[in-house]
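J.: The following block contains the structure, expressed as structure tokens.
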Amino acid sequence: MSLTQKEAYRVMLQEYPDVLNMDDLCKLLAVSKKTAYKLLKDGEIGCIKVGREYRIAKAHLLTYFGIV
Numbered sequence: 001m002s003l004t005q006k007e008a009y010r011v012m013l014q015e016y017p018d019v020l021n022m023d024d025l026c027k028l029l030a031v032s033k034k035t036a037y038k039l040l041k042d043g044e045i046g047c048i049k050v051g052r053e054y055r056i057a058k059a060h061l062l063t064y065f066g067i068v
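Per the working numbering, residue 1 is the first one in the sequence shown, and the count goes up by one each step.
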């Protein structure tokens, strides 16, 4: 059985919560916090800032990956 790219990303994100924190994002993308903050600051990945922390919806990651 072969998965489409969309299905593959959904399976990959299955173990993560619907709203990610910075640590989850870094682990998922295998990047440093500095790189993750740059992606958020440059608007490449959508996010919401709650107090001093960023929250990233899975939907924003799917958009970043070009799935949605």
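A virtual CB, placed ideally from N, CA and C, is assigned to each residue, including glycine.
Only a predicted model underlies this, so the values are computations on that prediction, with no experimental measurement involved.
Using the Cα positions of GLY43 and SER2, report the straight-line distance between them to the nearest angstrom.
T.: Approximately 33 angstroms between the Cα atoms of the pair.
J.: Hey, quick one: how far does the beta strand (DSSP E) through ARG75 stretch, first residue to last?
T.: For the chain, the structure presents residues 1 to 68; residue 75 sits outside this window and is missing.
J.: Within the continuous alpha helix (DSSP H) that includes ALA59, where are the two ends?
T.: From DSSP, the alpha helix (DSSP H) with ALA59 extends over 58-64.
J.: What do you reckon, are the CB atoms on TYR54 and MET12 nearer than 9 angstroms?
T.: Their beta carbons are not under 9 angstroms apart, which means TYR54 does not touch MET12 by this criterion.
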